[in-house]
Every structure is written in structure tokens, then in C-alpha cells.
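Numbering (my numbering), first residue to last: 268 to 430. As C-alpha cells, the structure follows; a few thoughts come after it.
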């Protein structure tokens, strides 16, 4: 961890040094070097923590999945009937408080955006008892938004619900 802090300190010193030299080219060069250093630090940290590229929190487990569904996705009145992670498939069976397609789509988006922070799964299936319908999307269909966060496109979720 000390080497990460040292790398950040060196980068900051370079930026400050370049700022005192009113040269835009010098500042640009320093920014490029700092970006490269940050990429190396991130790669090293991910390797040491055992994270795959794109995984923020590591490998998904049944316990972790159930926990984030209950804490971050379910709203008051929703009922999680079943959750399972088997053979790379996240399977959720839920009864939503509201019989609203918009609410079902929002539930899926929240669940998917949280799940995309983890590795160890390749398909997300959510069955809604309210509608006797299931939304299924493969992880490979994720897209990066302008903030570089992986997510599923809203239109793809709507299409999957309409099938």
C-alpha cells in the first residue's frame, strides 16, 4: 500500500512542478504520466486483491447476492421469494409491492448494476410473480456508460421484459 501512496505522491509532485512552469505541453505530459502510473497502480492492486478486470468487489457468492438484493434492491413491501447462483446464473424470484412494469424494470436495473460489480456469473434471470414473467440478459450484453461504469442498456431490459 505504501508504494501506491508513493506513486500518487510522485504524480502529485510532478503535476505541481509542471504547474509552476507555465507550459501547457509540460502539464499535458505530466497528466499523461500520472494517468499511466494510476493504471499501473490499479492493475497491481487488482492483481493483489484477486480481482478480474471490471470487478469492483470480487467473486459473487450466494450470501453476497442475497445480501445486496435485500439491502440495495428490494423496496418496502417487495418480497424476495428465492435467490440462487448456480452454474453462473443469478436466479431471482420476486413479488413486487407494485404491479408496475416500470417498477419491474427499475428493479432489474438496480439489481444488474450492482451485480456487474462482481465476477462469477454470466446470466441474470429475474422472475416476477406479479406478472408471471421473467427478464433474462447475459452479462456479455453490458455496456459502458459515460462514467465507464458497466450496466445494461435500459432499452435492452425493456425489450427483454416485453418478450
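For glycine and all other residues, C-beta sits at the position ideal for the given N, C-alpha and C.
DSSP bridge partner residues for residue i (one or two, in chain order)
i: residue 325; result: 385
i: residue 404; result: 391
i: residue 360; result: 349 and 394
Neighbour-count burial assignment, residue i, 16 or more Cβ in a 10 Å radius
i: residue 340; result: buried
i: residue 324; result: exposed
i: residue 381; result: buried
Inter-residue CB distance, residue i and residue j (contact presumed, cutoff 8 Å)
i: residue 363; j: residue 336; result: Actually they are not in contact, since the Cβ atoms of residue 363 and residue 336 sit about 13 Å apart, beyond 8 Å.
i: residue 347; j: residue 386; result: Their Cβ separation, rounded to whole angstroms, is 23 Å, which puts residue 347 and residue 386 out of contact at 8 Å.
Own chain, CB closer than 8 Å to residue i, minus 5 neighbours either side, in chain order
i: residue 345; result: 361, 362, 363, 364 and 374
i: residue 329; result: 350, 351 and 352
i: residue 401; result: 392, 393, 394 and 395
6 Å CB neighbourhood of residue i in its chain, flanking five on each side removed
i: residue 396; result: 362
i: residue 406; result: 389
i: residue 403; result: 392
Chain B within 7 Å of residue i, Cβ atoms only
i: residue 369; result: Considering every chain present, this structure includes no chain B. It has just one protein chain.
Cβ-based neighbour list, residue i, same chain, cut-off 7 Å, excluding 5 preceding and 5 following
i: residue 370; result: 363
i: residue 342; result: 364
i: residue 366; result: 397
Three-pair Cβ contact test at 8 Å for the segment 346 to 361 versus the segment 387 to 400: Judged by Cβ distances under 8 Å, the segment 346 to 361 makes contact with the segment 387 to 400, as three or more pairs qualify.
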